[in-house]
Structures are given as structure tokens and as C-alpha cells.
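Please read the structure below before turning to the comments.
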Amino acid sequence: MSLEDEAFELNGAVRIAELEEKGLPLPFDPLKKYLAEISMHPVLSREEEFKLAEKVYKHKDKEAAQKLVISNLKLVVKIALEYYNTYLNILDLIQEGNVGLMHAVKKYNPYKGTKFSTYASFWIRAYILKYIMDTWSLVKVGTTQSQRKLFYRLNKEKQKLEALGIFPAPQLLASTLDVKEGDIESMEKRLSYTDVSLESKLYDEGDDTIMDTIKSSENVEEIVAEKEKQLILAEKINLFKTTLNEKELYIFENRIMAEEPLTLQDIGEKFNISRERVRQIENKVLKKFKEKFKGELKELDF
């Protein structure tokens with residue numbers, strides 16, 4: 021068994037244990053059968069993956085596309101398990117994720133430098149979330165105007181009250197949101213069953229939540245394209261950092277790119293150099309950075 025396979029099995033075991041602890045029904049039987057089928061296909065090496073992706077990108081090679089899809093079916097299962105709960109069928113989530121995977125294969129550009137599994141994850145999550153949104157409107161949110169209003173505003177109103185040191189009692193929430201107290205209690209009961217938090221992050225990095233995606237007017241392709249652009253830019257910045265020496269790297273990370281930059285004095289004391297010397301190094305790194313990222317500085321707010 022490869023390291024990737026072992027990691028997949030471990031993640032799956034941990035996820036099943038979490039479901040058992042929460043008293044949620046296990047997707048074991050159908051999932052086990054499906055896993056047995058897809059486990060017959062080995063994980064591709066980075067080189068094999070690139071060659072197949074290149075064939076798809078250049079020649080629309082159907083056989084290469086199929087191999088690329090099949091070798092990443094385990095990735096879909098792993099992501100689908102993250103969103104599984106009592107109201108959702110695991111195989112339905114996997115099916116939607118597989119559609120996202122196939123779309124990723126069609127759209128993927130291997131020459132941009134992004135790893136395929138990373139790029140595909142965006143599309144897989146996007147399709148799974150779209151399915152959740154479509155089903156949630158019936159199962160979770162309800163169909164009346166007051167239920168929809170409550171669904172979108174309840175968590176934010178609770179957070180606002182808690183920030184003020186006020187306990188968000190159902191009676192107070194009902195008054196604030198102009199709904200019945202029974203509606204508050206009913207919705208909280210519904211939401212307490214879910215294993216997918218609407219305020220949880222959509223991706224490991226960044227601040228976008230599932231709720232943001234539900235309310236967003238952007239289509240899936242625009243969202244994924246933006247994520248890919250950000251990822252590529254981050255990789256380029258990491259590559260740029262490897263060209264800097266110790267002082268330059270420290271100044272770049274702790275002054276140029278920092279949200280709360282260190283002072284010239286702080287950096288000077290660390291390296292036993294003058295503030296003017298720190299400024300000179302900073303200007304040198306900044307100039308080098310701007311030359312390297314001429315067309316992308318808008319993304320970095322420079």
C-alpha cells in the first residue's frame with residue numbers, strides 16, 4: 021500500500037470514528053463496496069499525472085482523461101466524507117464530487133504549475149457544496165420567507181449578541197429577527213444535527229465560508245478560477261523567497277509582507293545594523309519583487 025493509500029485509509033477511519041461518536045448513521049456498506057472498486061486503481065506519480073494532463077490539455081485525449089479521473093476517485097471520497105451528515109447520502113455526495121472531478125480534468129492547465137489534486141479539490145468541493153445548497157433549501161432552510169430569513173441571520177445575530185456579552189436566548193433572538201420563538205427553537209434544533217458548519221472555511225487557506233458561497237452571486241467557475249489564481253501567486257511568492265538571503269527574507273516576511281510590520285529599529289537591532297541599512301535592504305528587495313511581479317501586483321495590493 022502506498023503512502024497516499026495509507027493516508028486515505030487513516031483519514032477515512034478517523035472520519036468514521038467521528039460519525040460513531042456523534043451518533044450519526046455510518047455510510048459503511050455502500051461506501052465499503054465502492055472503495056473496494058476504486059482501490060484497485062493505483063495512485064499516479066506526479067510525472068504520470070503531468071503526462072496524462074498534458075495529453076488532455078493538448079489533444080483532448082479521452083483515454084488519458086479517464087485515467088486521470090479514475091486515479092483521483094479516492095480524493096472525491098475523502099472530500100465527500102468531510103460533508104457527510106444525517107440528511108445527506110454519501111454516495112450522492114460522491115457522485116456530485118465525481119462530476120466536479122471530471123470538470124476539473126477538462127479545465128486543468130498542467131503548465132500553470134498547480135498540482136492537479138489541489139486544483140481538482142476546488143471543483144470537487146464546489147460541486148458537492150452546490151448539491152448541499154440545493155438539498156439544504158428543502159431539508160434545512162425550509163420554504164417560507166421567515167425560515168429563509170432565519171437560516172441566513174441566526175448565527176450572525178447570535179455572534180453579535182455574544183460579542184456584547186448578552187446570552188442569545190430564543191426569546192431575544194425571536195424579537196430581534198422578528199420571527200416566532202418556536203421558529204428559533206425549531207431552526208436551532210435542525211442546525212444542531214448538521215455536521216457541516218455554514219461558518220466553516222471552504223478551503224484550508226483563506227476566509228471564505230460555505231455561507232459566503234451560498235450567498236455569492238459568482239458562478240462556480242469564477243470562484244474556482246480565483247482560487248487557482250491565488251494559489252499560483254502564493255507559489256510564485258514562495259519561489260521568490262528562495263532567492264533572498266537571510267536578512268532580505270526576514271525583512272520581506274516581517275516588514276514588506278507583514279500585516280503588522282516590524283519597525284526599522286526592531287530589525288536593525290536583530291541584525292546589529294543601522295535603520296538606514298535596513299531601509300536600503302528593504303528598498304532593494306522591494307525593487308526586485310516589483311520587477312518579478314509586474315503583472316500581478318494588483319493581487320497583492322502594491
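For the sequence shown, the numbering used here assigns the number 21 to the initial residue and increments by one for each residue that follows.
Even glycine gets a Cβ: it sits at the ideal position worked out from N, Cα and C.
* **Validate contact between the region 47-61 and the region 90-105 using beta carbons, cut 8 Å, 3 pairs** => Flag = yes, the region 47-61 and the region 90-105 touch.
* Taking the alpha carbon of residue 122 as the point to measure from, which residue in 67, 134, 187, 146 has its own alpha carbon closest? -> Locating residue 122 in the sequence shown gives position 102, counting from the first residue. It is 146.
* To do: Ignore the nearest five residues each way along the sequence and tell me which others in residue 71's own chain have a CB closer than 6 Å to its CB.
  => One-based indexing of the sequence shown puts residue 71 at position 51. If we look at residue 71 and ignore the five residues flanking it on each side, it has no Cβ neighbours.
* State the start and end residues of the unbroken alpha helix (DSSP H) segment that holds residue 99. => As a working mapping, residue 99 is identified with position 79 in the sequence shown. Start and end: 93-102.
* Please work out which residues of its chain come closer than 6 Å, Cβ to Cβ, to residue 111, disregarding the five sequence neighbours upstream and downstream, and give them in chain order. => As a first step, residue 111 is located in the sequence shown; it is residue number 91 there, counting from the start. The residues are 50.
* Asked: By a C-beta neighbour count over all protein chains shown, 10 Å radius and 16 as the cutoff for buried, is residue 186 buried or exposed?
  -> For the purposes of this step, residue 186 is taken as residue 166 along the sequence shown, with counting starting at 1. It is exposed - the Cβ of residue 186 has fewer than 16 other Cβ atoms within 10 Å.
* **Contact set for residue 130: own chain, Cβ-Cβ below 7 Å, skip 5 residues either direction** => In the sequence shown, the residue the question calls residue 130 occupies position 110. Taken in chain order, the residues that qualify are 70, 73, 74, 77.
* Whole angstroms is fine: what's the gap from residue 86's alpha carbon to residue 79's? => Stepping through the sequence shown from its first residue, residue 86 is reached at position 66. Stepping through the sequence shown from its first residue, residue 79 is reached at position 59. When rounded, the distance between both Cα atoms is 14 Å.
* **DSSP state of residue 76 mapped onto helix, strand, coil** => For the purposes of this step, residue 76 is taken as the residue at position 56 of the sequence shown. If DSSP states are grouped into helix, strand and coil, residue 76 belongs with the helices.
* Straight-line gap, residue 281 to residue 271 (C-alpha atoms, nearest Å) -> What you label residue 281 is simply residue 261 of the sequence shown in a count that begins at 1. What you label residue 271 is simply residue 251 of the sequence shown in a count that begins at 1. In a straight line, the C-alpha of residue 281 is about 9 Å away from that of residue 271.
* Coil, strand or helix - residue 183 by DSSP -> Along the sequence shown, read from residue 1 onward, the residue named residue 183 stands at position 163. Correct three-state label for residue 183: helix.
* How would you label residue 286, buried or exposed, when you count the other beta carbons within 10 angstroms and need 16 or more for buried? -> Residue numbering aside, residue 286 sits at position 266 when the sequence shown is read from its first letter. Per the 10 Å Cβ criterion, exposed.
* Asked: What do you reckon, are the CB atoms on residue 149 and residue 177 nearer than 8 Å?
  -> Locating residue 149 in the sequence shown gives position 129, counting from the first residue. Locating residue 177 in the sequence shown gives position 157, counting from the first residue. Their beta carbons are not under 8 Å apart, which means residue 149 does not touch residue 177 by this criterion.
* Would you give the residue range spanned by the alpha helix (DSSP H) that residue 270 belongs to? => One-based indexing of the sequence shown puts residue 270 at position 250. Here the alpha helix (DSSP H) through residue 270 covers 266-271.
* To do: Give the range of the alpha helix (DSSP H) segment to which residue 196 is assigned.
  => In the sequence shown, the residue the question calls residue 196 occupies position 176. Looking at the DSSP string, the run of the alpha helix (DSSP H) that includes residue 196 is 190-197.
* So, is residue 183 buried or exposed, given that buried needs 16 or more other C-beta atoms within 10 angstroms? -> Mapped onto the sequence shown, residue 183 falls at position 163. It counts as exposed.
* How big is the Cα-Cα spacing for residue 195 and residue 203? -> Here residue 195 refers to the residue found at position 175 of the sequence shown. Here residue 203 refers to the residue found at position 183 of the sequence shown. Approximately 11 Å between the Cα atoms of the pair.
* Asked: Can you tell me whether DSSP reads residue 3 as helix, strand or coil?
  -> The requested residue 3 does not occur in the structure, where the chain is confined to residues 21 to 322.
* **For residue 138 and residue 325, the rounded distance between their alpha carbons** => Here the chain covers residues 21 to 322 and nothing more, so residue 325 does not appear.
* **Spatial neighbours of residue 25 in its chain, beta-carbon cut-off 6 Å, leaving aside the 5 residues before and after** => Residue mapping note: residue 25 aligns to position 5 of the sequence shown, counting from 1. With a pLDDT of only 46 at residue 25, under 50, the local geometry of the prediction cannot be trusted, and the value read off the model is given with reservation. Non-local beta-carbon contacts of residue 25 in its own chain, meaning distances under 6 Å to residues more than five positions away in sequence, are absent.
* So, using beta-carbon positions, are residue 295 and residue 284 closer together than 8 Å? -> In the sequence shown, residue 295 corresponds to position 275, counting from 1. In the sequence shown, residue 284 corresponds to position 264, counting from 1. With contacts defined by Cβ atoms closer than 8 Å, residue 295 and residue 284 form a contacting pair.
* Asked: So residue 188 and residue 201 are in contact, right, with Cβ under 8 Å, and what is the actual spacing, rounded?
  -> Counting from 1 along the sequence shown, the entry for residue 188 is found at position 168. Counting from 1 along the sequence shown, the entry for residue 201 is found at position 181. That belief does not hold up - the Cβ atoms of residue 188 and residue 201 are roughly 12 Å apart, past 8 Å.
* Is the distance from the Cβ of residue 133 to the Cβ of residue 252 below 8 Å? -> On the sequence shown, residue 133 is found 113 positions in, with the first residue counted as 1. On the sequence shown, residue 252 is found 232 positions in, with the first residue counted as 1. Annotated as proximal: residue 133 and residue 252, with beta-carbon spacing under 8 Å.
* To do: Count the other C-beta atoms from every protein chain shown that fall within 10 angstroms of the C-beta of residue 254, then say buried if there are 16 or more, exposed otherwise.
  => Working through the sequence shown from its first residue, we reach residue 254 at position 234. A residue is called buried when at least 16 other Cβ atoms come within 10 angstroms of its Cβ; residue 254 does not meet this threshold and is exposed.
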